[in-house]
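Written below as structure tokens is the structure these notes are about.
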Amino acid sequence: MPQTIHLVRHGEAVHNLGEANLVLPDTDLTPLGEEQARGLLFKFPELANVDLIVSSPLRRTLQTTLLAFPTQLERGLQIVALPEVQEVSDLNCDTGSDLSAIKAEFEHQPVDFGLVEPGRKMGTGHRESYEKGRGSTAMAERKA
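Read in order, the letters of the sequence shown are residues 1 to 144 in the UniProt record's numbering.
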């Protein structure tokens, strides 16, 4: 049976409310964003049958995932935090929290941070800039 990959964007977050908020790092979901996340399975019922849940380690994406997939998480699935799927830009809003801080915030939630490098602030480090990353991706696609 072929596997299907569903890509879901986070719900509305504080940085989405206005340009002035783009300076805020790793923002929370707004009440509307929480409502959007809770309603995801109603709009897309096929998501009820997922076998793997992967999320960027940003606060807004983890909050979206926790609110969108409660039944799946209750049956034992964990959210795999994967830095490679995090938004890439030079904006503060796309800079994550320190790993120890985000782990502490979500310590009682089914989130696996095992693929996030210890001691590194998420959203910084060895990642390429957006433009350079797009070019590298395009080159890799051409070689394939």
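Here a beta-carbon is modelled for each residue, glycine too, at the ideal position from N, C-alpha and C.
Next on the checklist: Just to check my reading of the structure: valine 111 and glutamine 78 have Cβ atoms closer than 8 angstroms, yes? What is that Cβ distance to the nearest angstrom?
Outcome noted: Mapped onto the sequence shown, residue 111 falls at position 111. Mapped onto the sequence shown, residue 78 falls at position 78. With 8 angstroms as the limit, valine 111 and glutamine 78 qualify as a contact, their Cβ atoms being about 7 angstroms apart.
Item to check | Cα-Cα separation, residue 146 to arginine 59 | outcome: Residue 146 is absent from the model: the chain starts at 1 and stops at 144.
Item to check | Local Cβ density within 10 Å of threonine 124, reported as buried at 16 or more and exposed below that | outcome: For the purposes of this step, residue 124 is taken as residue 124 along the sequence shown, with counting starting at 1. With a pLDDT of 48 at threonine 124, under the threshold of 50, the modelled position of this residue cannot be trusted, and the question is left open.
Next on the checklist: Let's test the definition: count the other Cβ atoms within 10 Å of the Cβ of aspartate 26 and tell me whether it reaches 16, buried, or not, exposed.
Outcome noted: On the sequence shown, residue 26 is found 26 positions in, with the first residue counted as 1. Burial call: buried.
Item to check | Proximal residues to glutamate 34 (C-beta, below 7 angstroms), its chain only, five neighbours per side dropped | outcome: In the sequence shown, counting from the first residue as 1, residue 34 sits at position 34. Contacts found: Gly11 and Leu67.
Checklist entry - When burial is assigned at 16 or more other CB atoms within 10 Å of the CB, is aspartate 98 buried or exposed? => result Here residue 98 refers to the residue found at position 98 when the sequence shown is read from its first residue. Classification for aspartate 98: exposed.
Checklist entry - So, are the CB atoms of alanine 37 and leucine 29 less than 9 angstroms apart? => result One-based indexing of the sequence shown puts residue 37 at position 37. One-based indexing of the sequence shown puts residue 29 at position 29. Yes, they are a contact pair.
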